[in-house]
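Here's the structure, in structure tokens; my notes come after.
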Amino acid sequence: MNKVSLRFSSTVLQNIKRFYTMELKKPFNYLNGKRHHPLKSLRAIANSNPATGEFLFNLPCSSDEDVDQAVKSCKEAFLIWSKKCPRERGQVLLKAAQKIREKLENLACSEVIDTGKPIWEARVDIAGCADVFEYFGGIAATISGTHHMLSDGNFAIVQREPLGVVAGIGAWNYPFQVMSWKVAPALVCGNTFIYKPSEFTPITSVLLAEILAESGLPPGV
Numbered sequence: 001m002n003k004v005s006l007r008f009s010s011t012v013l014q015n016i017k018r019f020y021t022m023e024l025k026k027p028f029n030y031l032n033g034k035r036h037h038p039l040k041s042l043r044a045i046a047n048s049n050p051a052t053g054e055f056l057f058n059l060p061c062s063s064d065e066d067v068d069q070a071v072k073s074c075k076e077a078f079l080i081w082s083k084k085c086p087r088e089r090g091q092v093l094l095k096a097a098q099k100i101r102e103k104l105e106n107l108a109c110s111e112v113i114d115t116g117k118p119i120w121e122a123r124v125d126i127a128g129c130a131d132v133f134e135y136f137g138g139i140a141a142t143i144s145g146t147h148h149m150l151s152d153g154n155f156a157i158v159q160r161e162p163l164g165v166v167a168g169i170g171a172w173n174y175p176f177q178v179m180s181w182k183v184a185p186a187l188v189c190g191n192t193f194i195y196k197p198s199e200f201t202p203i204t205s206v207l208l209a210e211i212l213a214e215s216g217l218p219p220g221v
């Protein structure tokens, strides 16, 4: 049996290699609407194709300074994002769902190299992520407070307010899905988000960040 590798000439693998090679030329950190190299990286982690063991690239590690910069950016963006009405935030998520479906094949190809899973499974995973953003974008208009009448003419009000800057840590087995599950509900509620993907599967997280920016998410959110 032939070994599966990026050197095969099948159409799917050619698409995977072309797209992934293009992405490896770009920085992996995403801040304020742009990709950035780490401010200071003292070491790098070797990343390989889990299906073949083939070396792919060295991933530079971010520093404490990078984390501080991300937190500062999110705090500033929170002042803008949290003031938008839920319906407006939901529109961003709905647009993201549409763009995920449009870019499904490229996203699935990247997921194949990152995780080693078959292409058919990656396509199902990515399609499910579009559903996640569509769901939370759709319920955005229901995020509202409540008013309760009490005795003696008193009343109680429940207000729903964003928490602020939140963080999430990803996993290697479902990188795009895990990020979608964490990011979508946090964003629609008005929070800003710092996401740390698995060092073994870093590509699709930055691709999702770019999709959200294309969909109208303000820089820094």
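Residue numbers (UniProt numbering): 1 to 221. Here a beta-carbon is modelled for each residue, glycine too, at the ideal position from N, C-alpha and C.
Following the DSSP letters along the chain, one finds Lys196 in no alpha helix (DSSP H) but inside the beta strand (DSSP E) bounded by residues 192–196. In this structure, Ser180 lies away from Tyr195, with their beta-carbon atoms at least 8 Å apart. Across the set Ser73, Asp131, Glu105, the C-alpha of Ser73 shows the shortest separation from the C-alpha of Glu65. Judged by DSSP secondary structure, Tyr135 falls within the alpha helix (DSSP H) whose first and last residues are 119–138. If you keep only unbroken alpha helix (DSSP H) runs of at least 4 residues inside the stretch 165–191, you get 175–188.
By the Cβ-count criterion, Asp152 is exposed, with fewer than 16 other Cβ atoms from all chains shown falling within 10 Å of its own Cβ. Following the DSSP letters along the chain, one finds Ala44 in no alpha helix (DSSP H) but inside the beta strand (DSSP E) bounded by residues 44–48.
Only residues of its own chain outside the window of five on either side were considered, and among them Pro162, Gly190 have a CB closer than 6 Å to the CB of Ser82, listed in chain order. Around the beta carbon of Gly170, a 10 Å sphere encloses 16 or more other beta carbons of the protein chains shown; the residue is thus reported as buried.
When Lys117, Phe28, Gly164, Pro118 are compared, the shortest CA-CA separation from Ile80 is found for Gly164.
Cβ-Cβ separation between Leu93 and Ala213: approximately 13 Å, too far for a contact (criterion under 8 Å).
Under DSSP, no beta-bridge partner is assigned to Pro202. Taking the C-beta atoms as reference points, Leu107 is found no nearer than 8 Å to Gln69.
Under the DSSP assignment, Lys75 falls in the alpha helix (DSSP H) whose first and last residues are 64–81. Straight through space, the alpha carbons of Asp114 and Tyr174 are spaced by roughly 10 Å. Between Ala44 and Cys61 the beta-carbon gap is near 6 Å, inside 8 Å, which marks them as a contact. Using a Cβ distance threshold of 8 Å, Phe193 and Gly168 count as a contacting pair.
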